[in-house]
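S.K.: Let me give you the structure first, and then I'll get to my questions.
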Ligand SMILES: NC(=O)c1ccc[n+]([C@@H]2O[C@H](COP(=O)([O-])OP(=O)(O)OC[C@H]3O[C@@H](n4cnc5c(N)ncnc54)[C@H](OP(=O)(O)O)[C@@H]3O)[C@@H](O)[C@H]2O)c1
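Residue numbers (the working numbering): 188 to 436.
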């Protein structure tokens, strides 16, 4: 029987891991990508394929993804989704005081990899008849700038505009993919630990992030994943290529 296929990056921890768990609970097939292992119980009927790969080197990975997708039988796939979830913040600090390797990594993982994986996904599934959805996991910080996190803000703003451009392209092709760059809310993951642990002298906003945690304003990864998947399932998915789970009814 045809099965939904999902590709999820950043699957080893945080939001991505919770998304994979919930997709497997639905009985879906999931290709999970992270440097670390993505290991979890797999319910009967579901399937987890885990690739340990570095998104900071996205070209070989995008080529591998295209080859892998092209070898599948589309008649056995009821829906196909690419969820570009992986993201990184460089150590919070003004750009001029940031490490060049960390800045490069933030852009490669946060923008170059989603762009190249999206290209591979769109190309390899172009002839498929099932619904095709592309999600870019963005952030409110792609829309509201924050000092001390310029590389992350730039990657997320780039992701939002990538979604707008891809939505226009896909509207022109038969069974085009529906594309959304989605801000997932504030989530209790390692990324927030990193932000709360920053040096206040280099990152004055650290106070706000500590207050969000102390005030109980963070979603758990499980809650955030459920919101993300509700957004993905919406009948109007793709009508607004840039959206925020906090603004969806
Ligand atoms: N947490 C928040 O409050 C928040 C708010 C807004 C938006 N977001 C966005 O939500 C998404 C998920 O964030 P999160 O909070 O769950 O982050 P996280 O807990 O730090 O997890 C990041 C994931 O990305 C993977 N990753 C990082 N670098 C990688 C690389 N070079 N190659 C392959 N995988 C890599 C990590 O796996 P490995 O280390 O195993 O590779 C991990 O699975 C990100 O796009 C983030 O920007 C988060």
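By construction, the Cβ of each residue, glycine as well, lies at the ideal position given by its N, Cα and C atoms.
(1) So residue 209 is in the alpha helix (DSSP H); what residue range does that whole segment cover?
(2) Starting from the Cα of residue 424, find the closest Cα among 366, 399, 393 and give me that residue.
(3) Does residue 373 pass the burial test, meaning 16 or more other C-beta atoms within 10 Å, or should it be called exposed?
(4) Does DSSP put residue 257 in a helix, in a strand, or in coil?
(5) Quick one: is residue 360 buried, meaning 16 or more other Cβ sit within 10 Å of its Cβ, or exposed?
(6) Verify the contact flag: residue 378, CB atom, against every heavy atom of ligand 1, threshold strictly below 6 Å.
(7) Based on the DSSP output, what are the partners of residue 190 in its beta bridges?
(8) Please report how far the alpha carbon of residue 364 lies from the alpha carbon of residue 356, in whole angstroms.
(9) Have a look at 394, 382, 375, 370 and flag the residue whose alpha-carbon is nearest the alpha-carbon of residue 434.
(10) With 16 as the cutoff for other CB atoms within 10 Å, does residue 288 come out buried or exposed?
(11) Go ahead and pull the three-state DSSP assignment for residue 196.
(12) Return the residue from the list 221, 189, 212, 381 that minimises the CA-CA distance to residue 416.
(13) What residues in its chain sit with their C-beta under 8 Å from that of residue 408, if we drop five residues either side in the sequence?
(14) In the DSSP assignment, what residue or residues form a beta bridge with residue 238?
(15) Kindly examine ligand 3 and report whether one of its heavy atoms sits closer than 6 Å to the Cβ of residue 223.
(16) Fully enclosed by the segment 397-436, which alpha helix (DSSP H) runs are 4 residues long or longer?
(17) Where does residue 344 sit, in a helix, a strand or coil, going by DSSP?
(18) Count the other C-beta atoms from every protein chain shown that fall within 10 angstroms of the C-beta of residue 193, then say buried if there are 16 or more, exposed otherwise.
(19) Give, in chain order, every unbroken run of the alpha helix (DSSP H) that is at least 4 residues long and sits entirely within the segment 358-396.
M.R.: Per the coordinate set shown:
(1) Here residue 209 corresponds to residue number 22 of the chain shown, with the count starting at 1. For residue 209, the enclosing alpha helix (DSSP H) has its first and last residue at 201-212.
(2) As a position in the chain shown, residue 424 is number 237, starting the count at 1. For residue 424, the nearest C-alpha among the options comes from 366.
(3) Reading the chain shown from its first residue, position 186 is the one you call residue 373. With a threshold of 16 other beta carbon atoms within 10 Å, residue 373 meets it and is buried.
(4) For this step, residue 257 is matched to residue 70 along the chain shown. Reduced to three states, the DSSP call for residue 257 is helix.
(5) Walking along the chain shown from the start, residue 360 turns up at place 173. With fewer than 16 other Cβ atoms within 10 Å, it is exposed.
(6) Working through the chain shown from its first residue, we reach residue 378 at position 191. Yes.
(7) Indexing the chain shown from 1 puts residue 190 at position 3. In the DSSP output, where bridge partners are listed per residue, residue 190 has 264.
(8) Within the chain shown, the letter at position 177 stands for residue 364. Within the chain shown, the letter at position 169 stands for residue 356. Distance between residue 364 and residue 356, taken at the CA atoms: about 9 Å.
(9) As a first step, residue 434 is located in the chain shown; it is residue number 247 there, counting from the start. The residue with the shortest Cα to Cα distance from residue 434 is 370.
(10) Locating residue 288 in the chain shown gives position 101, counting from the first residue. Its Cβ having fewer than 16 others within 10 Å, residue 288 is exposed.
(11) Reading the chain shown from its first residue, position 9 is the one you call residue 196. Reduced to three states, the DSSP call for residue 196 is strand.
(12) For the purposes of this step, residue 416 is taken as residue 229 along the chain shown, with counting starting at 1. Answer by Cα proximity: 212.
(13) Along the chain shown, one-based indexing puts residue 408 at 221. If we look at residue 408 and ignore the five residues flanking it on each side, its Cβ neighbours are 201, 202, 204, 205, 374, 375, 376.
(14) Here residue 238 is taken as the residue at index 51 of the chain shown, counted from 1. For residue 238, the beta-bridge partners assigned by DSSP are 220.
(15) This structure simply doesn't include ligand 3; it includes ligand 1 instead.
(16) Within the segment 397-436, complete alpha helix (DSSP H) segments of at least 4 residues are found at 408-420, given in chain order.
(17) The sequence position of residue 344 within the chain shown is 157, counting from 1. Residue 344 sits in a helix when the DSSP states are folded into three classes.
(18) Against the chain shown, residue 193 aligns to sequence position 6. The residue is buried, with at least 16 neighbouring Cβ atoms inside 10 Å.
(19) Every unbroken stretch of the alpha helix (DSSP H) spanning 4 or more residues and falling wholly within the segment 358-396 is given here in chain order: 377-383.
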